[in-house]
Amino acid sequence: MSRVAPLRSARPQADPAHPHLRLDPSVCDGVGICAHLAPDLVAVDSWGYPIVSGTALDSKSLRRQADAAARACPRKALHVQ
Amino acid sequence: MSHHLHLADEGRAAGPRQGPRLLDNAAVLPRHGTESLTGVGRQDLPAHRAAHGPRLSHLGHLGDDLVAAMETVHLTGRGGGHFPAAAKWRSVAAHGPGGTVVVNGAEGEPGCAKDAVLLQTRPHLVLDGLVAAIEFIGATEGVVWIHDGAWRTAQSVTHAIAERIAAREGDPPIRVIAAPDRYLSGEATGIIRTLEGGPTLPRWVADPARPWSEGQRPVLVNNAETMARAGLLGHVGVDGYAPTSLLTVINDTYRAVVEVGPDETFDDVVASRWRSPDGHAPQAVLLGGYGGSWVAWERLRHLPVDNAALREHGLSVGAGLLGPLPANACGIEESAALLRYLAGQSARQCGPCLFGLSAASSLVDDLTAGKLSRSGRSTLDRYVGEISGRGACRHPDGALRMLTSGLQVFHDDVHRHRKGRTCNAPNHSVMPLPEEGS
């Protein structure tokens with residue numbers, strides 16, 4: 001149980017002052033463009049689906065990567081919020 | 001055994017809290033389905049009103065009083081997250097008036113039957129709780145959400161609604177909706193999605209406190225047990241309320257749904273409600289649900305059946321499953337079968353759940369067959385880390401909680417299977433799975 005429970009915090013609520021890149025995993029098809037456009041924020045798992053970093057977009061570079069990935073996602077699964 | 005029961009009953013009678021409980025007896029059901037139930041009779045409207053008093057109003061400050069009482073007795077949801085029911089009611093009320101209140105009685109857990117028992121035998125307690133929530137929030141309608149094929153449950157609830165209309169109780173409109181009979185049909189976001197005209201599938205919500213869509217009316221979803229407890233609390237008040245738990249105890253040929261007080265330990269429940277197939281104590285218990293935790297019997301047996309106390313040990317009564325694993329069964333085989341089932345019950349929306357759970361399940365099947373290599377074992381650990389927390393709902397997390405707790409608790413079995421052998425345990429399929437009966 002202890003190995004799973006802490007991950008509950010992996011889904012923080014929307015915070016306009018400190019935006020994050022957020023993924024709706026239920027619409028993501030694992031296309032993978034995001035991992036190319038936002039290499040500092042998105043890794044790919046064993047099945048080709050994105051693992052999105054929980055870090056705040058507190059630099060211009062990170063914010064640019066997040067915006068590019070969200071815009072390019074053909075499934076509209078990524079949100080900056 | 002009878003000694004245990006005797007002591008427990010005495011303690012109950014002498015204790016300060018002896019108000020009416022949800023059930024007055026244990027209910028007995030077959031291992032599959034909820035179409036046959038014995039041990040507890042159905043309380044019709046006259047019997048319910050005779051036992052608990054007249055229909056109460058929860059408009060205005062009367063509703064505030066009930067929600068304050070819910071807070072005092074620490075009434076929580078049944079999802080394992082222990083979310084306070086009072087906070088949830090207030091949070092939805094803040095977006096009202098208007099909206100829908102849902103009683104979730106679609107127990108997807110194949111082992112659990114407490115919601116069916118409540119809806120079949122105490123429908124008016126559940127409906128009293130539902131009506132209280134509707135009045136407090138200022139909602140316009142109520143829904144009782146059950147699953148397709150639960151005919152006895154549907155019949156009891158429909159009849160109860162008709163009884164209340166005939167008695168001119170003045171209830172708001174209440175509908176019964178039957179959802180597909182799947183593990184995830186009781187997932188709250190899937191219920192709300194259905195009410196908004198979508199499919200009965202979980203969805204990702206950015207803000208868990210506001211799970212309905214932008215521009216849609218608010219929806220409160222509470223489990224049938226939580227609603228029945230709110231209904232009972234309205235009648236008996238804080239001083240008369242018994243903070244019990246409803247457990248479904250898995251036996252070899254039947255299931256027993258029992259109401260257990262916090263003064264009883266798991267030892268008490270197992271001694272009185274579980275029939276050991278080999279005369280020995282269980283080696284472990286699956287607690288909460290199929291997405292719950294395996295707990296070694298020596299660790300669990302002296303703990304009280306009380307969520308507040310269990311939380312300190314990282315455990316939860318969850319959906320109320322109590323599945324003892326006999327000493328002559330193999331915990332790894334049992335975990336493998338459960339994981340296979342849970343992987344098959346994925347809503348098939350999120351990649352990590354759809355592909356990850358079945359990949360993990362294949363590796364655990366290899367382990368069961370004595371064919372998992374050392375590198376396969378580390379792949380399994382990596383998969384667990386990769387899948388956790390990445391679904392729109394908690395389904396994959398629950399499946400992995402069951403798996404990882406099983407790998408820890410049944411460490412000796414894991415070792416046995418890794419040596420290229422299987423364990424030849426004589427007892428299989430302890431936890432009922434839908435395929436077994438069909």
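As given, the protein sequences belong to chains A and B, one line each in that order.
For the first sequence, position 19 matches number 19 in our numbering, and the numbering has no gaps at all.
For the second sequence, position 356 matches number 356 in our numbering, and the numbering has no gaps at all.
Cβ coordinates follow ideal geometry from the N, Cα and C atoms, glycine included.
Since this is a predicted model, take the numbers as computed values, not measurements.
At the level of alpha carbons, what is the spacing between residue i and residue j?
{"i": "G320/B", "j": "R78/B", "result": "8 Å"}
{"i": "R311/B", "j": "Q345/B", "result": "28 Å"}
{"i": "H439/B", "j": "L119/B", "result": "Nothing about residue 439/B can be reported from this structure: the residues present for chain B run from 1 to 438 only."}
{"i": "S2/A", "j": "D412/B", "result": "Low per-residue confidence applies at S2/A: pLDDT is 34, beneath 50, and the placement is therefore not dependable, though the value from the model is reported in the following sentence. Distance between the alpha carbons of S2/A and D412/B is about 20 Å."}
{"i": "S245/B", "j": "R71/A", "result": "49 Å"}
{"i": "H74/B", "j": "S429/B", "result": "36 Å"}
{"i": "A162/B", "j": "V42/A", "result": "55 Å"}
{"i": "G231/B", "j": "Q43/B", "result": "14 Å"}
{"i": "L372/B", "j": "E109/B", "result": "29 Å"}
{"i": "L7/B", "j": "L125/B", "result": "Reliability fails at L7/B, whose pLDDT of 36 lies under 50, so the model's placement of it is uncertain and no value is given."}
{"i": "R168/B", "j": "A160/B", "result": "12 Å"}
Cβ atoms of residue j and residue i: under 9 Å apart, would you say?
{"i": "V456/B", "j": "A113/B", "result": "What is shown of chain B runs 1 to 438, which leaves residue 456/B out entirely."}
{"i": "V40/B", "j": "T121/B", "result": "yes"}
{"i": "G385/B", "j": "D397/B", "result": "no"}
{"i": "Q283/B", "j": "G215/B", "result": "no"}
{"i": "T100/B", "j": "G142/B", "result": "yes"}
{"i": "G170/B", "j": "G138/B", "result": "no"}
{"i": "M473/B", "j": "S293/B", "result": "Here chain B covers residues 1 to 438 and nothing more, so residue 473/B does not appear."}
{"i": "L21/A", "j": "V44/A", "result": "no"}
{"i": "G186/B", "j": "W145/B", "result": "yes"}
{"i": "E35/B", "j": "A150/B", "result": "yes"}
{"i": "L342/B", "j": "V364/B", "result": "no"}
{"i": "P426/B", "j": "N328/B", "result": "yes"}
Compare the C-beta of residue i against all C-beta atoms of chain B and say whether one is closer than 9 Å.
{"i": "C73/A", "result": "no"}
{"i": "H18/A", "result": "no"}
{"i": "H36/A", "result": "no"}
{"i": "I51/A", "result": "yes"}
{"i": "S46/A", "result": "yes"}
{"i": "Q81/A", "result": "yes"}
{"i": "P25/A", "result": "yes"}
{"i": "D29/A", "result": "yes"}
{"i": "R22/A", "result": "yes"}
Report buried or exposed for residue i, applying the criterion of at least 16 other Cβ atoms within 10 angstroms of its Cβ.
{"i": "P211/B", "result": "buried"}
{"i": "G453/B", "result": "Nothing in the structure corresponds to residue 453/B, since chain B is present only between 1 and 438."}
{"i": "A474/B", "result": "Outside the displayed span of chain B (1 to 438) sits residue 474/B, for which this structure offers no information."}
{"i": "R164/B", "result": "buried"}
{"i": "N424/B", "result": "exposed"}
{"i": "S26/A", "result": "buried"}
{"i": "P173/B", "result": "exposed"}
{"i": "R75/A", "result": "exposed"}
{"i": "E333/B", "result": "buried"}
{"i": "D58/A", "result": "exposed"}
Let me check one thing: in DSSP terms, what residues is residue i bridge-paired to?
{"i": "V92/B", "result": "None, per the DSSP bridge assignment."}
{"i": "I161/B", "result": "Per DSSP, none; premise fails for I161/B."}
{"i": "E141/B", "result": "T100/B"}
{"i": "G389/B", "result": "Beta-bridge pairing links G389/B to no other residue."}
{"i": "S245/B", "result": "V260/B"}
With a threshold of 9 Å between beta-carbons, can residue i be considered close to chain A, or not?
{"i": "L201/B", "result": "yes"}
{"i": "W297/B", "result": "no"}
{"i": "P352/B", "result": "yes"}
{"i": "G344/B", "result": "no"}
{"i": "Q216/B", "result": "no"}
{"i": "F410/B", "result": "no"}
Flag residue i as yes when its Cβ comes closer than 8 Å to any non-hydrogen atom of the ligand SAH, and as no otherwise.
{"i": "A319/B", "result": "You won't find the ligand SAH in this model; it holds no ligand whatsoever."}
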